[in-house]
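Each remark here refers to the structure printed beneath this line.
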Amino acid sequence: MTKLEREMLNYYKHSLELYEARLEVLKKPYKKSEVQLMSAERDLVRKKIKEFKLKIGELAGTLEGS
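Taken in order, the sequence shown gives residues 15 to 80; the numbers are from this note's numbering.
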């Protein structure tokens with residue numbers, strides 16, 4: 015594994031932790047006027063979490079192969 019790959023893997027893991035923490039915050043109830051905005055942000059955060067998990071899996075697979 016190269017240094018760059020290790021750094022990327024650490025970056026993705028850290029970002030995943032941050033997005034998961036943000037998702038927990040977004041799960042809390044909001045005022046009616048904020049619900050639509052929070053719902054859209056929650057969907058975006060879920061999408062990012064999914065992307066980071068895929069990238070982490072790809073990098074982990076690459077690292078196991080080398």
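We put the CB at the ideal spot given by N, CA and C, even for glycine.
Check residue i in the structure and name its three-state DSSP category.
{"i": "residue 16", "result": "coil"}
{"i": "residue 44", "result": "coil"}
Do you know offhand how far residue i's Cα is from residue j's?
{"i": "residue 59", "j": "residue 68", "result": "14 angstroms"}
{"i": "residue 39", "j": "residue 78", "result": "35 angstroms"}
{"i": "residue 41", "j": "residue 76", "result": "34 angstroms"}
{"i": "residue 24", "j": "residue 70", "result": "9 angstroms"}
{"i": "residue 64", "j": "residue 50", "result": "21 angstroms"}
{"i": "residue 30", "j": "residue 48", "result": "25 angstroms"}
{"i": "residue 52", "j": "residue 66", "result": "21 angstroms"}
Let me know if residue i comes out buried or exposed under the rule of 16 or more other beta-carbons within 10 Å of its beta-carbon.
{"i": "residue 44", "result": "exposed"}
Exercise for the section: Report yes or no: do the region 15-22 and the region 34-49 share at least 3 C-beta pairs separated by less than 8 angstroms? Expected result: no
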